[in-house]
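Report on the following structure.
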Amino acid sequence: MTNPEEEKVTEKKSLNFIEAKVEEDLANGKNGGRVQTRFPPEPNGYLHIGHAKAICLDFGIAEKYGGVCNLRFDDTNPTKENMEYVDAIKEDIQWLGYQWGNEYYASDYFPQLWDFAIALIKRGKAYIDEQSSDEIAAQKGTPTQPGVDSPFRNRPIEESLDLFNKMNSGQIGEGKMVLRAKIDMASPNMHFRDPIIYRVVDTPHHRTGTTWHAYPMYDFAHGQSDYFEGVTHSLCTLEFVVHRPVYDLFVDWLKEIRGEGDSMDDNRPRQTEFNKLNLNYILLSKRNLLVLVNEGLVSGWDDPRMPTICGFRRRGYTPSGIHKFIDKIGYTTYDALNDFALMESAIREDLNATATRVAAVVNPVKLIVANYPEGQIEEMEAINNPEDETAGSHKIAFSRELWMEKEDFMEDAPKKYFRMTPGNEVRLKNAYIVKCTGCKKDENGDVVEVYAEYDPETKSGMPGANRKVKGTIHWVSCVRCIEAEVRMYDRLWKVENPRDELARLQGEGKTLLDAMKEMMNPDSLELRPVCYVEEYLAAAKPLDHFQFQRIGYFTVDKDSTPDHLVFNRTVALKDTWAKAL
RNA sequence: UGCCCAAUGGUGUAAUUGGCAACACGACUGACUCUGGAUCAGUAAAGUCCAGGUUCGAACCCUGGUUGGGCAACCA
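Numbering-wise, the numbering used here comes out as the position in the first sequence, counting from 1, plus 886.
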């Protein structure tokens, strides 16, 4: 018997506006009660966290309502696209945990789109314009001023037909002529002012080679592709709102020409727009990310500071952490700027539940337990994850000489400092309680060794260990540890809103590159070439996740080898002590 | 001098569709802790952009404004 109160709580969670719309469409029997979505990336770059938001929606809606989500590459511009991107996109979607139904390409529809264009020309709804792009732009008017008709607008149909064929045969140079839909040059919607629907591109296409020279534009490909595939809900971001009337018009024309219904029936895809992701301290524009990579400001698309899916993966972010984040921010029609702290909290929440706890010293100083027998080694038990009893434990070696963090010793400590300071007792995690007796400094006054004495009765697990001490610090054995490189990553940009700041700096006359250099956080990467980690990590493989106790979450980098371990900091632990300072 | 869209604590998202403005992140207390993490308990923080209107009742509907975003690529 379930408690009715409990049931109420579980069904409480509200639908986002898109889910509500889908349910309404379903209730009204639209598209025969079917739900089909698509994720339509252009293969011209790597996917970033903004795409992850779209992916979660496209695949999530299909999953929730028993439909399918297909992957469709919107590959209508061969000058920017290639197969490297196609493969990377597929890898990233799968890593996020989704599997598409079919793999489609807009380029597969070039023949149907061509036929559609021919049909429009024959009906006097499209014409070849031979003006330059400047002339066309000038005639288009502005948002506040109507456009004027092209002198070619009413040329004979036969002429347009002939020239359209020539456009596609390689006889017409790029930019010499275009095919335009004849709609309304005075429309308040700029996209209705006789939009260009085909242009000449001589760059070979990554899939169709040199078969075509005339390529459809986005507006002439997207809605039609959706229609060919049977998409019911075409979800995209808010900047496409103004394209929706064009989308609908072309689908209407297509249906009519093919004799497959009219604008009034329900057998058609519908576009719905949601807010795209904006995150503070993050820059998502593909163009800008490309500059970062090409100019060597980062190590590549998968640099752990990049907001790309592959960058986040290498940084140590997890698919489930990303899902938690996407769930938290939601889908609306408000252009929000999300706080990156929400992203980090989602990642911490996920990693806290799953990451194995280990000891690692990232800023080492030697700790000598003076009264511990020289040469003696003890195997201590270390719990793998206090949040998960089934995670078990592993062994960690204890010895007379240990590595500890420099920050965990202070000669003159403030009152609330619960770590190593002369005369103070501290617990060495999983081992003994020790009392700090002093330190040794070099000629510069820097601490080079810390001294302590242990209480043999206080070994973890023994009755004497129950004594209360305020602080616990981590350590690794000098004789039984592994040297490792640790890369401490932080935010790439020092400004909260890099997009606006970039525009501002460029407005001052700075080049894009200079503006970027000025905005970059000099501490975005701090290399710690010599750190010490416990031996347990010898077997760690790339993308394994760990919590370095008291420091943060780390993953093994792809550069890591058994002889030279490399760890990336995913995100630091919350540090209320640092805040108190 | 256009068209379209939006506006709810610091941030984001809700509000049974016209009925006590709630949740998360963040912040701050305190408890607990062999991680200054986690966990637990609690506090502060919006009266819903503004002005009118409809209504017994408005965050929600209407009118007018304000502010912000989008639209003038042979990009998607």
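Here a beta-carbon is modelled for each residue, glycine too, at the ideal position from N, C-alpha and C.
None of the values given here were measured: they were computed from a predicted structure.
With 16 other Cβ atoms within 10 Å as the buried cut-off, status of residue i
| i | result |
| --- | --- |
| S1446 | buried |
| Y1220 | exposed |
| D1213 | exposed |
| V1251 | buried |
| K939 | buried |
| A1100 | buried |
| W1463 | exposed |
| P1029 | exposed |
| E891 | With a pLDDT of 37 at E891, under the threshold of 50, the modelled position of that residue is not reliable, and no figure is offered here. |
| A1256 | exposed |
| V1416 | exposed |
| L1413 | exposed |
| T1150 | Residue identity differs from the one stated: residue 1150 is Met in this sequence, not Thr. M1150 is exposed by the Cβ-count criterion. |
| L1391 | buried |
| L1065 | buried |
| L1223 | exposed |
Rounded straight-line distance, which links the Cα of residue j to that of residue i
| i | j | result |
| --- | --- | --- |
| E1125 | R1313 | 57 Å |
| T962 | M1405 | 34 Å |
| L1165 | D1386 | 12 Å |
| S1279 | L1459 | 21 Å |
| M1076 | P929 | 27 Å |
| P1300 | V1419 | 29 Å |
| L1049 | D1015 | 10 Å |
| S1206 | N1270 | 20 Å |
| K1326 | V1244 | 28 Å |
| R1455 | V1179 | 21 Å |
| I1282 | R1436 | 17 Å |
| L1399 | V1177 | 7 Å |
| E897 | A948 | The pLDDT assigned to E897 is 44, lower than 50, so where the model puts this residue is not dependable; a value taken from the coordinates is nonetheless given after this. Going from the Cα of E897 to the Cα of A948 covers about 20 Å. |
| V1137 | M1103 | 15 Å |
| A1003 | L1047 | 10 Å |
| G1357 | R1305 | 6 Å |
| I1022 | S1036 | 8 Å |
| T1397 | R1366 | 52 Å |
| A1005 | K1380 | 54 Å |
| G1393 | H934 | 27 Å |
| R1144 | R920 | 22 Å |
| T1307 | N1330 | 20 Å |
| K899 | D1449 | 50 Å |
Residues near residue i in its chain [Cβ-Cβ closer than 6 Å; skip 5 each side]
| i | result |
| --- | --- |
| N1468 | Coverage of the chain is limited to positions 887 through 1467, which leaves residue 1468 absent and any answer about it impossible. |
| D1188 | C1196, G1197, R1200 |
| P964 | V1087, T1089, H1091 |
| R958 | R924, P926, Y990 |
| L1253 | L1288, M1290, V1336 |
C-beta contact flag for residue i and residue j at 8 Å
| i | j | result |
| --- | --- | --- |
| R1093 | Y990 | no |
| Y1133 | F1106 | no |
| Y1318 | R1286 | no |
| E910 | L901 | no |
| Q1110 | Y951 | no |
| W986 | N1054 | no |
| L1121 | I904 | yes |
| L1237 | H1431 | yes |
| P1193 | L1170 | yes |
| N917 | E1115 | no |
| P1155 | V1117 | yes |
| A974 | Y932 | yes |
| A1426 | L1451 | yes |
| N1310 | M1266 | no |
| L1429 | N1407 | no |
| E1146 | T1123 | no |
| Y1439 | A1241 | yes |
| R1353 | D1443 | no |
Neighbourhood of residue i by C-beta, 8 Å cutoff - its chain only, sequence neighbours within 5 removed
| i | result |
| --- | --- |
| G1010 | I1043, K1068 |
| E1339 | V1255, A1256, N1257, V1320, K1321, T1323 |
| P1272 | R1243 |
Residues near residue i by beta carbon distance below 7 Å, same chain, minus five either side
| i | result |
| --- | --- |
| S1477 | No answer is possible for residue 1477: the residues shown for the chain start at 887 and end at 1467. |
| F1211 | L1228, M1229, A1232 |
| V972 | P929, F959 |
| G1033 | Q1025, K1026, G1027, M1071, A1072, R1079 |
Residue i CB to nearest heavy atom of the ligand NAD below 7 Å
| i | result |
| --- | --- |
| P1155 | The ligand NAD is not part of the structure shown, which contains no ligands of any sort. |
Entirely within the segment 1123-1207 and at least 4 residues each: give me those alpha helix (DSSP H) ranges in chain order.
-> 1130-1143, 1172-1180, 1195-1201
Which runs of the beta strand (DSSP E), 3 residues or longer, sit entirely within the segment 1354-1438?
-> 1357-1359, 1367-1375, 1411-1420, 1431-1434
Residue ranges of each beta strand (DSSP E) run of no fewer than 3 residues wholly in the segment 1282-1345, ordered along the chain?
-> 1287-1291, 1311-1314, 1319-1327, 1333-1340
Mind pulling the beta strand (DSSP E) runs of 3 or more residues that sit fully within the segment 922-996?
-> 922-925, 954-959, 989-991
Can you list the beta strand (DSSP E) stretches of 3 or more residues lying completely in the segment 1064-1117, in chain order?
-> 1064-1067, 1082-1086, 1100-1102
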